[in-house]
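Colleague: Okay, so the sequence shown: first residue is 790 according to the working numbering, each after it adds one.
Every residue, glycine too, gets a C-beta built ideally from N, C-alpha and C.
Since we're looking at a predicted model, the values are computed, not measured.
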Amino acid sequence: MLTGLDAAEQHDFEQLAGKRVGIITNQTGVDRAGRSSVDALFASGKARLTAIFSPEHGFRGNAADGELISNSTDPVTGLPIYSLYGKTRRPTPAMLAGIDVLVFDIQDVGARFYTYLTTMALCMEEAARLKIPFVVLDRPNPISGNVLEGPVLARNIQDFTGYFPVPVRHGLTAGEMALLHKDVRGLNLDLSVVKLQGWDRSSYYDETGLAWINPSPNIRGVDAAIMYPGIGGFEATNMAVGRGTDAPFLWFGAPWLDAQRLVRTLNEANLAGVRFYAEEKTPAMDIYAGKLCRGVRMEILDRAAVRPMDIFVRAVCALREKKFYGGFRVSEAEFRLTAGNNVYKAVFESKEAPEKIISDFSGQCADFGRFRQRYLLY
């Protein structure tokens, strides 16, 4: 299959010919030959590349989670690299001065609270204000485009990690999310998407023939990306999610956790496509750096069947039992942003059964599945 960048290259970047281009990209923006979109555009001679904009983790993708990044200069092209995860998260008018078209080329992971598509959305909004056309070089959803999971974020919630009224696992590509965002926000924006060629919505990234590049330091493969929409929810708690270990997002744990008990609870739930094991790790970073953590290791048995949000709900519903897990703590504000207001109430206030919470998710996803049809490109 071909990414949007590959397709644009095949047509010699004719859509950008003669334009002064600003590109929002990072280390994932490469073509099938491994050449970066910056180098490809710079070498084409068709367009005049004038500025680079980088998201969280930076242009090279090696900055830590949440680390603020300064502006810099690309040593190869000499172009300015404006950080959109530093003093500002929106491109300023000064940054956009002299740009005829903004291009987005970043590989997302398919989870609502992953920040790259929020950066895209903020750039779209600023482009709309300044009447700058916006082009998305599309890339596949790495965890398939057919599976929807989790609650739809309420429209009265808006944050950098909760910017779109979509489920936690939304099944959209960047181009499809751009179309949705333009419509939902009513943006007066000249938006175009250079589509993927030969992508099957049911496929996972390692079935596309494309080389895997870590989109961020702790998403190190397709299995981690699959589990991220669920296990990432623990970042609103005092549970480590495997940062600084050999299994980020495929393991979670804490020094206070009775892992054996939780593993029994999760395995007895007979959740599809996954098996749980007790495993101790000592993270090299994150909240328990250097401390021995008792944890839960997850083995994916069936990608198509596993539902990481179901795992998360089952786990937090077990962890709310203070008799056995008295050390468990939750940041209410962060949890509401990650999962949504109603989920916090259901889990920690009403103490609903996990089956009821998961059933509610399914209803929301069914409604969203019908709503999103108008934005699907594949």
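Please list, in chain order, all residues of the same chain as Val1052 whose beta carbon is under 7 Å from its beta carbon, the five residues on each side excluded.
Modeller: Within the same chain, Val1052 has close Cβ partners Phe1065, Tyr1066, Ala1067, Val1085.
Colleague: Please report the distance separating the alpha-carbon of Leu794 from that of Glu938.
Modeller: Taking the straight line joining both Cα atoms gives about 29 Å.
Colleague: Determine, using beta-carbon pairs with one atom in the region 1002-1016 and one in the region 1036-1045, whether at least three such pairs fall under 8 Å.
Modeller: Because the criterion of three Cβ pairs below 8 Å is met, the region 1002-1016 and the region 1036-1045 touch.
Colleague: Hey, is the region 914-932 in contact with the region 966-979, meaning 3+ C-beta pairs nearer than 8 Å?
Modeller: These segments touch.
Colleague: Would Thr904 pass as a contact of Asp927 if the rule is Cβ separation under 7 Å?
Modeller: Not a contact, by the Cβ cut-off of 7 Å.
Colleague: Run through DSSP, which three-state label would Thr1054 get?
Modeller: Looking at Thr1054 - three-state DSSP - the assignment turns out to be helix.
Colleague: Looking at C-alpha atoms only, which residue of Val865, Ala1073, Phe1150, Pro931 is the closest neighbour of Ala829?
Modeller: The candidate whose alpha carbon is nearest that of Ala829 is Val865.
Colleague: Mind checking which residues open and close the alpha helix (DSSP H) that includes Val865?
Modeller: From DSSP, Val865 is part of no alpha helix (DSSP H); its letter is neither H nor E.
Colleague: How would you write the range of the beta strand (DSSP E) that Leu980 sits in, first residue to last?
Modeller: Counting along the chain, the beta strand (DSSP E) containing Leu980 begins and ends at 980-983.
Colleague: I need the DSSP call for Ala886, collapsed to helix, strand or coil.
Modeller: In the structure shown, Ala886 sits in coil (DSSP, three-state: anything other than H, G, I, E or B).
Colleague: CB Gln816 to CB Gly850, shorter than 7 Å?
Modeller: The answer is yes: Cβ separation under 7 Å.
Colleague: For Gly1116 and Ala1029, which I take to be in contact (beta-carbon distance under 8 Å), what is that distance rounded to the nearest angstrom?
Modeller: The Cβ separation is near 12 Å, so there is no contact.
Colleague: Can you tell me which of the three DSSP states Tyr1167 falls into?
Modeller: Tyr1167 falls in the coil class under three-state DSSP.
Colleague: Along the chain, where does the alpha helix (DSSP H) that runs through Met1087 open and close?
Modeller: Element bounds for Met1087: not the alpha helix (DSSP H) but the beta strand (DSSP E), 1082-1089.
Colleague: In whole angstroms, give me the CA-to-CA distance for Arg1032 and Ile1015.
Modeller: Near 16 Å, if we compare the C-alpha coordinates of Ile1015 and Arg1032.
Colleague: Please go through the same chain and pick out, in chain order, the residues whose beta-carbon is closer than 6 Å to the beta-carbon of Leu969, but skip the five residues on each side of it.
Modeller: Excluding positions up to five away in sequence, the list reads Tyr1164.
Colleague: Going by DSSP, name the residue or residues bridged to Asp897.
Modeller: According to DSSP, which records beta bridges pairwise, Asp897 is partnered with nothing at all.
Colleague: Taking the beta strand (DSSP E) that Gly811 falls in, what are its first and last residues?
Modeller: 809-814 is the span of the beta strand (DSSP E), which, as asked, contains Gly811.
Colleague: If you follow the alpha helix (DSSP H) that Ala916 is part of, which residue opens it and which one closes it?
Modeller: Run containing Ala916: 905-918, per the alpha helix (DSSP H) assignment.
Colleague: Under 7 Å, do Asp1099 and Leu1055 count as touching if we go by C-beta distance?
Modeller: In this structure, Leu1055 does not lie closer than 7 Å to Asp1099 by Cβ.
Colleague: According to the neighbour-count rule (16 or more other Cβ atoms, all chains shown, within 10 Å of its Cβ), is Asp972 buried or exposed?
Modeller: Flag for Asp972 reads exposed.
Colleague: Going by beta carbon distance, what residues of the same chain come within less than 6 Å of Pro1004, once the five residues before and after it are set aside?
Modeller: Excluding residues within five positions, the ones whose Cβ falls inside 6 Å are Thr817, Gln896, Val898.
Colleague: Check Ala829 in the structure and name its three-state DSSP category.
Modeller: In this structure, Ala829 counts as helix in the three-state DSSP scheme.
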